[in-house]
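As structure tokens, the structure follows; a few thoughts come after it.
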Amino acid sequence: MARQKAAELKANASTGKNPIITQQARKAAAVAAATNTFEKLAREWFNVRRVNWENHGEAANHNQLKRPQPPA
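Per the working numbering, the very first residue in the sequence shown carries number 6; after that it's consecutive.
Structure representation (structure tokens):
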């Protein structure tokens with residue numbers, strides 16, 4: 006792992022990339038991937054779709070999202 010990071014830093018330095026900026030971008034991508042949870046995506050889907058549902062459909066689907074989900 007450490008050798009891979011060292012090789013990556015050396016390659017970035019040889020192409021003129023700033024290693025600090027590269028590391029910050031890598032960390033930001035990891036944070037973005039970690040925050041893409043099923044719950045967040047399900048709520049986004051729900052909010053997009055709810056405008057086309059009648060009241061009973063919205064309530065039923067919202068209750069489905071509230072139920073505990075089994076671990077993956």
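Every residue gets a Cβ at the ideal spot worked out from N, C-alpha and C, and that includes glycine.
Being a predicted model, the structure only gives us computed values, none of them experimental.
Residue i versus residue j: straight-line alpha-carbon distance, rounded
{"i": "A37", "j": "K71", "result": "24 Å"}
{"i": "F43", "j": "V53", "result": "15 Å"}
{"i": "G21", "j": "T40", "result": "31 Å"}
{"i": "L46", "j": "P73", "result": "15 Å"}
{"i": "Q28", "j": "K10", "result": "10 Å"}
{"i": "R8", "j": "A16", "result": "12 Å"}
{"i": "N57", "j": "W50", "result": "12 Å"}
{"i": "R55", "j": "L14", "result": "47 Å"}
Sub-8 Å separation of residue i and residue j beta-carbons
{"i": "A30", "j": "P24", "result": "no"}
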